[in-house]
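Structure below.
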């Protein structure tokens, strides 16, 4: 038999064992509760949780693509008429996207796949290839209206500027430019004139602005096109007469 003193000594160890046992039981009980709670949240909020994760992923993706979305950003988008431009020398908050051979429907498809959410301005420079194909004016109008609706559906608050079609050899661009001006007036869009700068007083194309095909622009012609844009939408880092061909090379 244990003596009284031995039994007294054994009390702390038994208390410790009992305490450990109680602690373990409580931890197991809490784990079960937590597990049940997790299952409950998982089962009842699967859709909302997935949506939140997708939204968070999208926000992170957009943040990585556009690290500074607080500033005004301008997108100049169109056919190859605007190719060869160094956007960094145009403006730090200007992006340029060109698509060779783009017509209005083709550019619309490109816009559908584009992220326009972080732009405050968009400049549409397209229509020359449509004019060269002799598309019916009514169809051209319908196509352009649909492109505008597409832009608005992606970013309802974006400011839209419409550029005239630059004159082309043996192509009547006037009828299409009249449509563009009418669209701009009806929707209160900014309208960028191009024709007057590219046609001499005698009515001929300014030779220094065009390659021999009378369609594609030289560096000087491209710079003039962007100067015309800059008169309506401020895109140049500096806007004075000292600008040279270095701005587009």
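Numbering (our numbering), first residue to last: -8 to 240.
We put the CB at the ideal spot given by N, CA and C, even for glycine.
Check                                                                                                                    : Outcome
Run of the alpha helix (DSSP H) containing residue 182, from where it starts to where it stops                           : First-last for residue 182: 181 to 183, but that is the beta strand (DSSP E), not the alpha helix (DSSP H).
Proximity below 9 Å, CB of residue 65 to CB of residue 85                                                                : yes
Buried versus exposed, by CB contacts within 10 Å (16 or more), residue 109                                              : buried
Own chain partners of residue 118 with C-beta closer than 6 Å, once the 5 adjacent residues on each side are dropped     : 156 and 167
Close Cβ partners of residue 191 (< 6 Å) along its chain, the five nearest in sequence each way excluded                 : 197
Under 9 Å between C-beta atoms of residue 243 and residue 71                                                             : The structure shown does not extend to residue 243, since the chain is modelled only from -8 through 240, so no value can be given for it.
Span of the beta strand (DSSP E), counted from its first residue to its last, around residue 192                         : Looking at the DSSP string, residue 192 is not in any beta strand (DSSP E), and its letter there is neither H nor E.
Nonlocal neighbours in the same chain, by C-beta distance under 7 Å from residue 188, ignoring five residues either side : 215 and 219
In DSSP terms, what residue 117 is bridged to                                                                            : Residue 117 pairs with nothing; no bridge assigned.
Distance between residue 107 and residue 226 (C-alpha atoms, nearest Å)                                                  : 17 Å
Cβ-based neighbour list, residue 158, same chain, cut-off 7 Å, excluding 5 preceding and 5 following                     : 164, 186, 189, 190 and 196
Residue 92, DSSP secondary structure in three states                                                                     : coil
For residue 81, three-class secondary structure by DSSP                                                                  : helix
Through-space distance from residue 114 to residue 223, alpha-carbon basis                                               : 10 Å
Start-to-end residues for the beta strand (DSSP E) that takes in residue 150                                             : 150 to 154
Those runs of the alpha helix (DSSP H) which lie wholly inside the segment 157 to 183 and span at least 4 residues       : 165 to 178
Residue 199 (DSSP reduced to helix, strand or coil)                                                                      : helix
Cβ neighbours of residue 228 in the same chain (closer than 6 Å, five flanking residues each side left out)              : 82
Residue 151 vs residue 178 beta-carbon contact at 9 Å                                                                    : yes
Assumed close pair residue 180, residue 153 - CB separation to whole angstroms, cut-off 8 Å                              : 5 Å
Sub-9 Å separation of residue 125 and residue 174 beta-carbons                                                           : no
Simplified DSSP state of residue 98, which is helix, strand or coil                                                      : helix
Pair within 9 Å by beta-carbon distance, residue 98 and residue 67                                                       : no
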